[in-house]
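Numbering (full-length UniProt numbering), first residue to last: 1 to 316.
For every residue, glycine included, the Cβ atom is placed at its ideal position computed from N, Cα and C.
Encoded structure:
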């Protein structure tokens, strides 16, 4: 193992060990012997989000004569709520994941999702509002414009990555199809160069939130607390997560209580995020978000209670 890889592995272990959150993969044990470093991590027994998105996309491609199958809005909100809470948790601890993508969103048969692969993660001393990094790392399709432009970046670079994940869930494809890295960079750095999300598929509140997260200028992009303070998350996403978590029969009651308590705390602290008038003018557009209710899976394969089906984990 090279010294660089050893440092990545040690960083991953340190950052995961510092986390105790229902939506973050747990580190069970670490062994180091000579040039070998072994991590034993919590097993994601239902695969990853990448495979689930691909499964639905393939289903649509192979059944063109039928109505295409997309994630329902409730399904997306349950997934995103957990992912946003996990990112809020690490950002509160000054940890930057630096490789947020669908293959690193793990699925569990009991119904929760878990953020994993902290190999690129790093803890910073600076506050979350300042530029904290200048290292070009991560997966190209999920990198924020400021990384492509080799500019210093802050935690808002991760909001861009979360926006790409949300777009994938809604469209079953990446927002910036490209022939090569240069083409990808040009598309990423151009405002709204992605295919628009159909207005008849999802609510204006959800569409506008994703568009807000995909702002090219990081100064016009929200932080994670502002994302969680969005009307769609406060009125529908987080309450819906509470409903679903309480219905998961195979979930440890202590984990359920921990996650419900965090949702309640986040809802109570929403006003402290102080979103600007511009921030959620778009998110407030359209009719109020519908009351939270349990999601129904539209995918014609078996699925756990929180909207995602089990599959063999295939790392990408």
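With hydrogens ignored, establish whether the beta-carbon of residue 163 is closer than 8 Å to any heavy atom of the ligand SAH. The ligand content of the structure shown is nil, which means the ligand SAH is not present either.
Whose CA, out of 178, 177, 219, 172, lies closest to the CA of residue 198? 172
Quick check on the DSSP output: the alpha helix (DSSP H) that includes residue 266 runs from which residue to which? 253–268
Which residue marks the beginning of the alpha helix (DSSP H) containing residue 70, and which one marks its end? Neither: residue 70 is in no alpha helix (DSSP H) and is coded neither H nor E.
For residue 240, report the span of its alpha helix (DSSP H) as first-last. 238–246
Minimum length 4: unbroken alpha helix (DSSP H) runs contained in the stretch 37–95: 49–62, 73–92
With a floor of 4 residues, list each alpha helix (DSSP H) that falls wholly inside the stretch 149–210, ordered by position along the chain. 156–171, 181–188
Let's see if you can read the secondary structure: which residues bound the beta strand (DSSP E) around residue 27? 27–33
Let me make sure I understand the geometry here. Which of 32, 81, 110 has the alpha-carbon closest to that of residue 166? 81
Would you mind giving the Cβ-Cβ distance between residue 178 and residue 187, rounded to the nearest angstrom? I have them listed as a contact below 8 Å. 6 Å
Could you please give the first and the last residue of the uninterrupted beta strand (DSSP E) stretch that includes residue 113? 113–115
Can you tell me whether DSSP reads residue 216 as helix, strand or coil? coil
Can you tell me the Cα-Cα spacing of residue 38 and residue 13, whole angstroms? 10 Å
Find out if the Cβ-Cβ distance for the pair residue 105, residue 194 is shorter than 9 Å. no
Roughly how many angstroms lie between the CA atoms of residue 129 and residue 4, to the nearest whole one? Low confidence applies here, because residue 129 scores a pLDDT of 45, under 50, leaving its location unreliable and the question unanswered by this model.
Among 143, 149, 245, 40, which has the Cα closest to the Cα of residue 99? 143
Contact between the stretch 219–229 and the stretch 255–265 (3+ Cβ pairs under 8 Å): no
Across the stretch 232–243 and the stretch 87–96, are there enough close Cβ pairs to call them in contact, namely three or more that are closer than 8 Å? no
Alpha-carbon spacing of residue 242 relative to residue 249, whole angstroms: 14 Å
Let's test the definition: count the other Cβ atoms within 10 Å of the Cβ of residue 221 and tell me whether it reaches 16, buried, or not, exposed. buried
Using the beta-carbon count (16 or more within 10 Å), is residue 64 buried or exposed? exposed
Identify whether residue 228 lies in helix, strand or coil by the three-state DSSP scheme. helix
Residue 66: buried (16+ other C-beta within 10 angstroms of its C-beta) or exposed? exposed
For residue 218 and residue 155, I'd like the C-alpha separation in whole angstroms. 9 Å
Through-space distance from residue 246 to residue 150, alpha-carbon basis: 44 Å
Could you have a look at residue 147 and say whether DSSP puts it in helix, strand or coil? helix
Between the C-alpha atoms of residue 18 and residue 170, what's the straight-line distance to the nearest angstrom? 32 Å
Between which two residues does the beta strand (DSSP E) holding residue 107 run? 105–107
Do residue 174 and residue 141 count as a contact pair if the criterion is CB distance below 9 Å? yes
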